[in-house]
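Numbering (my numbering), first residue to last: 133 to 216.
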């Protein structure tokens with residue numbers, strides 16, 4: 133299985149500047165971003181090392197990362213449309 137880069141700027145390049153702005157000025161976004169980035173790095177590290185982790189656990193981690201990414205995306209869309 134290939135290892136993909138799921139860094140948020142790569143996932144949503146159209147929101148690059150907004151991501152940087154929200155990371156600086158929005159505590160809720162900042163916390164979600166931090167959780168996403170940490171989880172993404174953990175998953176990538178496990179995949180690179182082919183670490184002995186159960187498929188169920190890895191699947192749960194990926195599901196959690198996906199949920200965080202969805203939440204971050206919703207915030208980006210809302211803020212880019214002038215929402216508060």
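Every residue gets a Cβ at the ideal spot worked out from N, C-alpha and C, and that includes glycine.
Just verifying my parser: in three-state terms, what is the DSSP assignment at residue 135? Legend: pLDDT at residue 135 = 49, less than 50; position of this residue unreliable, no value from coordinates given.
When burial is assigned at 16 or more other CB atoms within 10 Å of the CB, is residue 197 buried or exposed? Classification for residue 197: buried.
Take every Cβ of the region 199–207, pair it with every Cβ of the region 160–171, and state whether three or more of those distances are shorter than 8 Å. The region 199–207 vs the region 160–171: in contact.
Excluding five sequence neighbours on each side, which residues of the same chain lie with their C-beta closer than 7 Å to the C-beta of residue 211? 150 and 154
For residue 144, the three-state DSSP class (helix, strand or coil): coil
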